[in-house]
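The structure appears below as structure tokens.
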Amino acid sequence: MFRRNRRRSAFGKKFQVNRIEVWNTPPFFPLDPIVVSNTTVLSTTVSNMMVSNLPNTDLTKNLKICCIGAGYVGGPTMAMIAKQCPDIQVHVVDLNQVRIDRWNSDDLPVYEPGLDAVVRESLGRNLRFSTCVDEAIAESDMIFISVNTPTKSFGVGAGRAANLEFVEKCARQIAAASTGHKIVVEKSTLPVRTAEAVKRILESSTDKASFDVLSNPEFLAEGTAVTDLLNPDRILIGGESSTAVETLAAVYSRWVPRDRILTTNLWSSELSKLTANAFLAQRVSSINAISALCEATGADVDEVARAIGTDSRIGPKFLKSSVGFGGSCFQKDILNLVYICEHFGLSEVAHYWEQVVAMNDHQKQRFSDRIVRTMFNTVSDKKIAILGFAFKKDTNDTRESPAIYVCKNLLDERAKLRIYDPKVSGKQIREELLAAFADPMGNVPEKHQQLIASNVTVVSNAYEAAVHSHAIAVLTEWDEFKTLDRQRLLGSMLRPAFVFDGRGILNASEWRQDGFQIHTIGKA
Ligand code: UDX
Ligand code: UDX
292 MFRRNRRRSA
302 FGKKFQVNRI
312 EVWNTPPFFP
322 LDPIVVSNTT
332 VLSTTVSNMM
342 VSNLPNTDLT
352 KNLKICCIGA
362 GYVGGPTMAM
372 IAKQCPDIQV
382 HVVDLNQVRI
392 DRWNSDDLPV
402 YEPGLDAVVR
412 ESLGRNLRFS
422 TCVDEAIAES
432 DMIFISVNTP
442 TKSFGVGAGR
452 AANLEFVEKC
462 ARQIAAASTG
472 HKIVVEKSTL
482 PVRTAEAVKR
492 ILESSTDKAS
502 FDVLSNPEFL
512 AEGTAVTDLL
522 NPDRILIGGE
532 SSTAVETLAA
542 VYSRWVPRDR
552 ILTTNLWSSE
562 LSKLTANAFL
572 AQRVSSINAI
582 SALCEATGAD
592 VDEVARAIGT
602 DSRIGPKFLK
612 SSVGFGGSCF
622 QKDILNLVYI
632 CEHFGLSEVA
642 HYWEQVVAMN
652 DHQKQRFSDR
662 IVRTMFNTVS
672 DKKIAILGFA
682 FKKDTNDTRE
692 SPAIYVCKNL
702 LDERAKLRIY
712 DPKVSGKQIR
722 EELLAAFADP
732 MGNVPEKHQQ
742 LIASNVTVVS
752 NAYEAAVHSH
762 AIAVLTEWDE
772 FKTLDRQRLL
782 GSMLRPAFVF
792 DGRGILNASE
802 WRQDGFQIHT
812 IGKA
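Counting from 292, one number per residue, gives the positions in the sequence shown under our numbering.
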């Protein structure tokens with residue numbers, strides 16, 4: 292059974308949201324908007340609060356932190372706090388024993404350049420990974436919630452709303468295991484006004500403890516997590532209690548300049564995270580929309596990106612055309628934004644953001660269609676070398692990777708895939724592909740299990756992938772693909788030797804000169 296909380300179709304199912312029904316339907320949805328004005332007044336005073344310019348070591352003296360969720364965000368973020376604050380005890384807990392064992396080993400569950408050294412520096416000193424959730428909560432002053440918040444795959448809001456059941460469970464567990472006063476920090480990306488619901492659960496579940504709830508979204512990008520954490524553009528803290536906000540700010544100010552620590556009200560902080568990801572994804576979809584036009588007209592998408600990116604109002608980042616964006620955040624957060632807008636009756640706004648995801652789906656489909664069309668309208672029984680399966684370089688994360696969808700489309704066409712990724716295991720690749728063929732109940736039809744068993748081979752380098760292949764498709768921009776030995780590849784491939792560069796990383800004229808028929812995203 293392959294049950295993934297993956298969106299099946301963002302647009303397949305329209306639904307009417309009944310506000311009361313949503314609020315009463317677990318997993319919960321943030322509070323009814325009627326109370327917004329009261330709390331906004333309260334929290335505005337905090338957003339305007341003056342935070343002192345010096346690190347307030349008194350506030351962090353003997354501080355004990357725990358984090359529930361040792362994933363791609365919780366693990367690296369806590370390792371960085373432990374590294375930068377050797378006097379603060381940091382305990383990261385997770386339900387997943389295997390994951391915890393790997394954090395305690397030399398084979399970390401998350402691949403990130405530089406992360407090994409950061410973890411090693413503090414592990415056993417002031418950094419601990421375990422499955423002792425209650426113990427960690429009980430002994431800590433500050434508890435981060437960093438569990439995953441996937442798109443709901445069932446019930447109201449399926450395919451769009453965030454599934455907050457893990458967050459709700461965490462809140463109940465925190466309440467049950469707490470005494471005294473605790474600061475609870477939302478690190479997970481959550482819909483606007485979730486903090487209010489978390490606070491209500493905490494306060495109504497116990498009279499042995501009191502709580503402040505803060506929102507502190509994480510902006511690190513995978514692949515650059517360590518540098519992003521060391522040198523963030525900003526730290527965002529939303530909250531009502533100035534002491535709680537100041538305490539968390541004092542932790543970060545050990546290494547982040549104070550003027551980069553922004554404080555806002557809770558709801559602005561929650562919404563800013565969704566908005567930041569929506570804006571970033573929108574840029575990628577915008578340049579990808581233009582890439583289709585470039586292919587039709589003979590313009591070059593990289594030249595267009597350079598030309599517009601030098602306008603200081605637009606800027607050069609996030610203008611790299613690709614086979615589509617992936618990762619655990621962009622699609623999930625936009626769909627969540629869409630759902631929230633619909634909930635508030637803002638259907639035009641919802642529709643506007645929905646198009647960012649629609650364009651991304653189109654880009655993935657367009658890429659696999661181009662492969663089939665170029666290879667004489669059939670790839671049946673043809674070997675295609677797939678270079679890269681992670682959703683971007685320098686990570687082993689495959690969540691929502693465009694490679695999954697391109698491979699699925701090619702398998703639907705009965706292609707034989709030889710897949711290589713430097714950091715993703717064969718097991719993970721097969722699981723992702725099986726999940727892509729699963730029905731809404733998570734069952735994979737027998738014929739598709741057989742298709743994957745017979746048509747997918749996972750190999751250990753790019754040259755092995757290319758042996759006897761009709762084509763190479765580059766789906767992740769790993770640096771090692773830029774310097775491949777072209778003669779060696781060509782020598783083992785069938786003719787014409789097709790190359791489809793879905794990341795625009797290969798020097799097309801050199802490949803063409805060497806005898807490849809190369810097709811690049813955004814170039815005719
Ligand atoms: C994070 C955020 O939390 C998410 O909201 C954001 O959108 C993306 O980044 P991430 O760290 O990438 O999620 O998720 P994942 O790598 O899946 O880690 C979550 C961890 O929480 C898992 O190890 C899971 O075992 C753990 N977990 C989940 C618990 O310990 N308890 C639970 O109840 C649920
Ligand atoms: C994103 C946000 O950048 C980060 O701030 C947030 O905390 C989590 O979500 P992440 O998903 O890890 O981070 O990586 P990111 O670098 O944003 O890339 C997302 C996807 O967009 C990748 O598939 C990437 O290949 C693609 N992308 C990015 C492009 O196709 N073109 C670009 O120009 C940039």
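Backbone N, C-alpha and C fix where the C-beta goes; we use that ideal spot for every residue, glycine too.
Just so it is clear, the structure is predicted and the values come from calculations on it, not from any experiment.
Give me the residue from the options with the minimum Cα distance to residue i.
{"i": "G813", "options": "Q388, A580, S506", "result": "A580"}
{"i": "Q740", "options": "L725, M433, P787", "result": "L725"}
{"i": "S532", "options": "I526, T554, L742", "result": "T554"}
{"i": "V715", "options": "L702, L678, A467, S745", "result": "L678"}
{"i": "V614", "options": "K655, V747, P482, I675", "result": "K655"}
{"i": "A361", "options": "A429, K478, P713, R604", "result": "K478"}
{"i": "T669", "options": "E704, E537, F789", "result": "E704"}
{"i": "S560", "options": "E459, R484, E403, H642", "result": "R484"}
{"i": "A676", "options": "F772, S603, T538, A596", "result": "F772"}
{"i": "H653", "options": "I631, P693, C423", "result": "P693"}
{"i": "A706", "options": "G733, F682, S671", "result": "S671"}
{"i": "D392", "options": "T422, H642, R525", "result": "T422"}
{"i": "C698", "options": "S501, R411, R721", "result": "R721"}
{"i": "Q573", "options": "Y643, R525, G529", "result": "Y643"}
{"i": "M650", "options": "N627, G795, G514, F621", "result": "F621"}
{"i": "Y754", "options": "A587, C632, A764", "result": "A764"}
{"i": "D685", "options": "E513, A598, I528", "result": "E513"}
{"i": "F791", "options": "L766, V476, L780", "result": "L766"}
{"i": "I743", "options": "A757, A756, V758, K718", "result": "K718"}
{"i": "E691", "options": "F616, V749, F667, T748", "result": "F616"}
{"i": "D712", "options": "N687, L702, N734, G733", "result": "N687"}
{"i": "I528", "options": "L557, A516, L780", "result": "L557"}
{"i": "I359", "options": "A427, I578, F789, Q778", "result": "A427"}
{"i": "R794", "options": "A587, I578, A788, D805", "result": "I578"}
{"i": "H810", "options": "R661, L702, R777, K374", "result": "R661"}
{"i": "L797", "options": "V749, V424, S603, L775", "result": "L775"}
Excluding the five sequence neighbours on either side, which residues of its own chain have a C-beta within less than 6 Å of the C-beta of residue i, listed in chain order?
{"i": "E723", "result": "T689, I695"}
{"i": "P324", "result": "Summary for P324: the model assigns pLDDT 33, below 50, so the residue's position carries little reliability, and this model does not support an answer."}
{"i": "A607", "result": "Checking the sequence shown, residue 607 turns out to be Pro, not Ala. Correct list, in chain order: G600."}
{"i": "E645", "result": "V629"}
{"i": "N871", "result": "Nothing in the structure corresponds to residue 871, since the chain is present only between 292 and 815."}
{"i": "K673", "result": "A706, H761"}
Leaving aside the five residues before and after residue i along the sequence, list all residues of the same chain whose C-beta is less than 7 Å from its C-beta, in chain order.
{"i": "D624", "result": "T480, L565, N568, A569"}
{"i": "P523", "result": "F510, V547, R551"}
{"i": "V327", "result": "Below a pLDDT of 50, predicted positions are generally treated as unreliable, and V327, at 31, falls in that range; no measurement from the model is reported."}
{"i": "V595", "result": "I581, C585"}
{"i": "D432", "result": "L354, K355, K473, I474"}
{"i": "A535", "result": "I474, D503, L505"}
{"i": "L350", "result": "E537, T538, A541"}
{"i": "I492", "result": "E459, A462, R463, A466"}
{"i": "P318", "result": "With a pLDDT of 35 at P318, under the threshold of 50, the modelled position of this residue cannot be trusted, and the question is left open."}
{"i": "L788", "result": "It is worth fixing the name first, because residue 788 is Ala in this sequence and not Leu. Same-chain partners within the cutoff: L781, G806, F807, Q808."}
Could you give the C-beta distance for residue i and residue j, rounded to a whole number, given that I count them as a contact under 8 Å?
{"i": "L610", "j": "G600", "result": "5 Å"}
{"i": "R657", "j": "A762", "result": "Contact doesn't hold; Cβ gap of about 16 Å is too wide."}
{"i": "C585", "j": "V575", "result": "Incorrect: roughly 15 Å between the Cβ atoms, too far for contact."}
{"i": "S437", "j": "P508", "result": "Their Cβ separation, rounded to whole angstroms, is 11 Å, which puts S437 and P508 out of contact at 8 Å."}
{"i": "K499", "j": "S469", "result": "7 Å"}
{"i": "P377", "j": "R416", "result": "7 Å"}
{"i": "S800", "j": "M784", "result": "So it is not a contact: roughly 19 Å between Cβ atoms."}
{"i": "L708", "j": "N746", "result": "6 Å"}
{"i": "F420", "j": "W394", "result": "4 Å"}
Tell me which same chain residues have a C-beta within less than 8 Å of the C-beta of residue i, skipping the five on either side of it?
{"i": "P736", "result": "F728, D730"}
{"i": "L520", "result": "P367, T368, M371, L511"}
{"i": "E312", "result": "Model confidence at E312 stands at a pLDDT of 27, short of 50, so the residue's coordinates are unreliable and nothing is read from them."}
{"i": "T316", "result": "In this predicted model, T316 has a pLDDT of only 32, less than 50, meaning its place in the structure is not dependable; the value taken from the coordinates is given anyway. Result list for T316: G446, V447, in chain order."}
{"i": "D770", "result": "K684"}
{"i": "C632", "result": "S638, V640, A641, W644"}
Does the beta-carbon of residue i, which I'm using as the reference point, lie nearer than 7 Å to any heavy atom of ligand 3?
{"i": "F445", "result": "This structure lacks ligand 3; the ligands present are ligand 1 and ligand 2."}
At 4 residues or longer, what runs of the alpha helix (DSSP H) sit wholly inside the stretch 368-414? Secondary structure within the stretch 368-414: the alpha helix (DSSP H) runs of 4 or more consecutive residues, fully enclosed, are 388-394, 406-413 (chain order).
Please list, following the chain, all residues that have a C-beta closer than 5 Å to any non-hydrogen atom of ligand 2. Those residues, listed in chain order, are F510, A512, E513, V575, F609, K611, S613, F616, G617, G618, C620, F682, K683.
Which runs of the beta strand (DSSP E) at least 3 residues long sit entirely within the stretch 652-701? Give them in chain order. Runs found: 674-678.
Which runs of the alpha helix (DSSP H) fall wholly inside the stretch 610-658 and span at least 4 residues, in chain order? Listed in chain order, they are 621-634.
Segments assigned alpha helix (DSSP H), at least 4 residues, entirely inside the stretch 409-447: With a minimum length of 4 residues, the unbroken runs of alpha helix (DSSP H) contained wholly in the stretch 409-447 fall at 424-430.
Runs of beta strand (DSSP E) lying entirely within the stretch 483-570, each at least 3 residues, in chain order: For the stretch 483-570, whole beta strand (DSSP E) runs of length 3 or above, ordered along the chain, are 500-506, 526-530, 552-555.
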